[in-house]
Amino acid sequence: MRQKLVVGNWKMYGRLERNRTLLEGVLSGVRDLTQAAYGVCVPYPYLAQAQVMLQGSNVAWGAQNLSQHEEGAFTGAVAPGMLVDFGCRYVIIGHSERRALFHESNDIAAAKFDAAIKAGMTPIFCVGETLVERESGVTEQVVARQLDVVLNHVGAAAVAKSVIAYEPVWAIGTGKTATPEQAQAVHAFIRAQVAQLDEQTAQALCILYGGSVKPNNAEQLFAMPDIDGGLIGGASLVAEDFVAICSAANAAAAG
Ligand code: PEP
-4 MRQKLVVGNW KMYGRLERNR TLLEGVLSGV RDLTQAAYGV CVPYPYLAQA
46 QVMLQGSNVA WGAQNLSQHE EGAFTGAVAP GMLVDFGCRY VIIGHSERRA
96 LFHESNDIAA AKFDAAIKAG MTPIFCVGET LVERESGVTE QVVARQLDVV
146 LNHVGAAAVA KSVIAYEPVW AIGTGKTATP EQAQAVHAFI RAQVAQLDEQ
196 TAQALCILYG GSVKPNNAEQ LFAMPDIDGG LIGGASLVAE DFVAICSAAN
246 AAAAG
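Under this note's numbering, the residue at position 21 of the sequence shown is numbered 16, and the numbers go up by one with no gaps.
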């Protein structure tokens, strides 16, 4: 039985005081939700705050990006070892906003995935199609291409230490959620792709759904057999909503 996992992606939102209130709300809301796992991926400047506030709790923390390089003259970049210094468990890689706005290619995402694994973190690797791609019927080809680059680059042992997030681009921040059936179909496809590499890894792999997960749709999504939790953007900035989504994962895990 795979563990359910809910991770918040704060994107470029937050201020020290606001974060404090948010994390206090999350901590008290999930303290007794013992059946699933939880995390928040915060902007770099707030990693120290997350570390201090979340240490010893059942909420892990992480970052939203990293450099594929260990160190060097890369102004503005953050090395994997720096994230490890702040106790990061997770790092989001290949988010569609980074692919679209920062021109990150599949090859760069694969190199970052590798760097995260080597540093001992769990990459949350995002894949997903645009609306045009879905409407043209090429969702599986797009997702397969995004996955293949990483699978071929890092191999089964590294994939086993990762989390995959299926995030249809048309559902991110739009309020449009994939139906549980649409999401389940792509999650099953992802698992089958990984099974071609290694069956055991595929069965154990945690595959999150991301794209406008809210308290009112989390339960139906998390009930699907290949949906192992969620990567949550907007709703992770509201403690009550994030806790409600964590609670749905906890209930799904408890069966
Ligand atoms: C995301 O940014 O990863 C995301 C899923 O955002 P939202 O939940 O706001 O759609």
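Every residue gets a Cβ at the ideal spot worked out from N, C-alpha and C, and that includes glycine.
Every value quoted in this text rests on a predicted model; they were computed, and no experiment measured them.
Residue i versus residue j: straight-line alpha-carbon distance, rounded
i      : j       : result
ALA244 : ALA68   : 42 Å
PHE97  : MET7    : 14 Å
THR16  : VAL127  : 39 Å
LEU203 : LYS(-1) : 9 Å
LYS209 : ILE240  : 7 Å
ALA187 : LEU49   : 35 Å
ALA151 : ALA111  : 15 Å
SER242 : GLN198  : 24 Å
Simplified DSSP assignment, three categories, for residue i
i      : result
CYS241 : helix
PHE120 : strand
GLY24  : helix
GLY229 : helix
LEU200 : coil
TRP165 : helix
Residue i beta carbon near ligand 3 (any heavy atom closer than 7 Å)
i      : result
ALA234 : Ligands present in the displayed structure are limited to ligand 1, and ligand 3 is not among them.
Local Cβ density within 10 Å of residue i, reported as buried at 16 or more and exposed below that
i      : result
PRO118 : buried
GLU92  : buried
SER23  : exposed
Where the alpha helix (DSSP H) through residue i begins and ends
i      : result
ALA105 : 101 to 113
LEU96  : 91 to 96
Contacts around residue i, its chain only, beta-carbon distance under 7 Å, and the 5 residues preceding and following it disregarded
i     : result
PHE81 : LEU42, ALA43 and GLN46
Sequence-distant residues of its chain with Cβ nearer than 6 Å to residue i (five each side left out)
i      : result
ALA31  : LYS(-1), ALA244, ASN245 and ALA248
ASN212 : THR172
GLN63  : ALA106, LYS107 and ALA110
Contacts around residue i, its chain only, beta-carbon distance under 8 Å, and the 5 residues preceding and following it disregarded
i     : result
ARG26 : SER52 and ASN53
Endpoints, the beta strand (DSSP E) within which residue i is located
i     : result
GLY76 : Taken as a continuous stretch (DSSP letters only), GLY76 belongs to no beta strand (DSSP E), being part of the alpha helix (DSSP H) at 75 to 80.
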